[in-house]
Amino acid sequence: MKDRASLWARSSVVLSLLSFAISLFGFNSVTIALAAVLAISLAAISLSRRPGEHAHQAVYLAEAQKLSQTGSFGWNVATGELFWSDETFRIFDLVPTSRPSLGLVLKRTHPDDISAVREAIDRAANERGDFSHENRLMLEDGTVRTIRVVARGMTNGRGQFEFVGAVMDITAQKKAHTELERSELRYRHLFSRMPIAFRQLDASRLVVLFRKLRADGVKDLGAYLDSHPEFLRTCMDALTFQEANERAIQMFGGGVEDYIGRSMADTWKERPDTFRRAMESRYRGETNFEEETRMVTWDGRVVDVLFTTARVGPINDLEVSLVGTIDISQRVRAQQKLQQVQAEFAHAARVSMLGELTASIAHEVNQPLAAIATNAAAGLRWLNRPNPDIVEIRKTIENIVVDTRRAANIVARVHGMASRKAPGQASLSFDEIVREALLFLRHEMESRNVTILHRPDPSAPQVLGDRTQLQQVIVNLAINAVQAMTQAGYDDRRIVISTVTPDAATLCCSVEDNGPGISDDHVDRLFESFFTTKDSGMGMGLPICRSIVEAHGGRIGAEGHGTDGGARFWFTLPIAVSADSSDCDLPAAT
């Protein structure tokens, strides 16, 4: 009997541990039964050890039950007797001195599960086969636990049928599984119902390709693609679709089943450069990538999209990618419309500005015309002499030609400012642009008693831009300064235009006056459309300046009070390649 009890204890504990492990892998009851036979066999073998070892081993087995939260039990179907291990008592929240019984089991069973537990007990007693059952317990303090019971049936030496089984506390696993199911359901709902085109990609083949490259010592994918351009197409073919949501099907076409296994190559016909940057991002181990680009649908349409991708998995082993695309075609068209409207406003502003500078333009044109008339009269006098002086006549004619060209250049500049021609990019000397703009302003400045100083940077390289638009920026800023000083009633009016190169890639121009300056409340709003501090202003001059500067790859800003107390406007332009630049620091105006 002592050996029999030891056999039962050992076999039930080993069965408990094996059953717990097996349950984690989801094996069926047949497998559990086979494990039970193995457990009993192992326990029987252990009986051959010395009797003094039993107590020591029992301690180990008890600790193992606590660790796995798996108790063991025996149930003699004929007598109704139950034998529980200490861990089984703990799971049922009972003291080990309690007498286990089927009634006690039902008392601890959750009210909603009592009927199912009774049916399971009756079926086990009648069918006398291996069984597995899962139900909830309701403890005295209201705590709910979920258990799984597995058992193996056998006949003892007296011919009585009994079960040896395990009771596992799977509350934590059940909760984790429920949360996992909820998380999966949330993901499914987001994937299918979000108004964003989601497509899930199988990147396992791409991962293999990248591992091979790393094994070959490739560290920079960009450099590798430069020397092996065909590898980009290999990467496209290695990425295949696993599934797509309804929005993706609406945007790109096809059906749900059509996406499975399809390559991404066709999608990137229009912008393979975006795909290349995405691959370089993946190779660097980045888990996300985003870019505005253009993608090709299955029926050949080209769509403007915001492309994003999230790679799921451990770093450098991202075998699943979730690709999201948002159709931004309407936004792109709206931006194009806005740019067109801005161009219309800029043209209207130029024409309006030319109207304000009519006196200056007339003065500029009048000077060469007056010189032409003077030289022509002098030439006639030289001809009317008894002995015409051919040398002097030649000089006067040469002067007429020079003044004629001068007048033609003035007219051409005015025509260029008033024309609606599309902006053209050319390599220009910015200080020459400033000097030409000042020719428009000379008479205006003289009539309003304004001194305008130009401080060029002789070492400044040329910039890439449109001559007419950049002239408009200079003229707008200078006219604003003149009007601000005039409105404030200042007698001493001075404007300083300075040019510097703060770094090798950036040129900065500053327009500063000694007028009343700009209040701090207004500085942040100066470049808003229709915001103005002038009595009769439209509020479009500075927004147009900003759009012109930003279209050239630069930045524009303002300070309410410069070195001389007046307003200071500055803007940057790229010299060769567009580069980020900070506010430019210029020498003080004196």
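Start counting the sequence shown at 1460; every next residue gets the next number (this note's numbering). Quick reminder that beta carbons are idealized off the backbone N, C-alpha and C, glycines included. Note that the coordinates shown come from a computational prediction; the quantities given were computed from them, not determined experimentally.
By the Cβ test, the stretch 1616–1626 is not in contact with the stretch 1663–1673, since fewer than three Cβ pairs between them sit closer than 8 Å. G2021 has its alpha-carbon roughly 56 Å from the corresponding atom of A1724. G2000 sits in a helix when the DSSP states are folded into three classes.
Within the stretch 1660–1745, complete beta strand (DSSP E) segments of at least 3 residues are found at 1699–1703, given in chain order.
Collapsing the DSSP output to three states places D1581 in a helix. The Cβ-Cβ distance between D1589 and A1610 falls below 8 Å.
Beyond the five residues adjoining it in sequence on each side, I2007 comes within less than 6 Å, by CB distance, of Q1928 and V1932 in the same chain, given in chain order. If you ignore the 5 residues before and after R2014, its C-beta comes within less than 6 Å of the C-beta of T2031, all in its own chain and listed in chain order.
In the DSSP annotation of this structure, N1615 is not part of any alpha helix (DSSP H), being labelled neither H nor E. Taking 8 Å as the cut-off, the Cβ atoms of E1751 and I1719 do not count as close. Our two residues, A1584 and A1537, have alpha carbons roughly 9 Å apart in a direct line. Rounded to whole angstroms, the Cβ separation of E1540 and T1529 is 21 Å, and the two are not in contact under 8 Å. Only exposed fits A1635, as fewer than 16 other CB atoms lie within 10 angstroms of its CB. With a cut-off of 8 Å on Cβ pairs, the stretch 1850–1864 is not in contact with the stretch 1888–1904, counting fewer than three such pairs. Assigned with DSSP and collapsed to three states, I1831 falls in helix. Between the alpha carbons of V1755 and S1686 lies a gap of roughly 27 Å.
In its chain, beyond the 5 residues on either side, G1612 and F1620 have a beta carbon closer than 6 Å to the beta carbon of R1587. Spanning the alpha carbons of V1893 and R1926 requires a straight line of approximately 10 Å. Non-local beta-carbon contacts of A1656 in its own chain, meaning distances under 6 Å to residues more than five positions away in sequence, involve R1706, A1707, M1710 and T1784 in chain order. The stretch 1947–1957 and the stretch 1906–1915 touch, with three or more beta-carbon pairs separated by less than 8 Å.
In this structure, L1691 sits away from L1665, with a CB-CB distance that is not shorter than 8 Å. Counting only residues of its own chain and dropping the five nearest sequence neighbours on each side, R2005 has a CB closer than 8 Å to the CB of F1986 and I2015. Residue range L1561 to R1567 is occupied by the alpha helix (DSSP H) that includes R1567.
Annotated as proximal: D1572 and R1595, with beta-carbon spacing under 8 Å.
The DSSP-derived three-state label of W1757 is coil.
R1914 and T1958 have their C-alpha atoms some 6 Å from each other. Of the residues assessed, I1831 falls on the buried side of the cut-off, its CB having 16 or more other CB atoms within 10 angstroms. Residue pairing from DSSP leaves V1850 without any beta-bridge partner. In this structure, DSSP gives F1551 a state outside helix and strand, which the three-state scheme calls coil. Counting along the chain, L1936 sits inside the alpha helix (DSSP H) bounded by residues R1926 to A1947. In this structure, T1630 and T1605 form a Cβ contact; the two beta carbons are roughly 5 Å apart against a cut-off of 8 Å. Annotation for D1979: no beta strand (DSSP E) segment contains it, though the alpha helix (DSSP H) segment containing it runs D1979 to V1982. DSSP places H1636 within a helical segment (H, G or I) once states are collapsed to three. Annotated as proximal: V1922 and F1889, with beta-carbon spacing under 8 Å. Beta-bridge partners of R1587 (DSSP): none assigned. Taking each of Y1742, R1721, R1743 and I2034 in turn and checking the Cα distance to G1924, the smallest one comes out for I2034.
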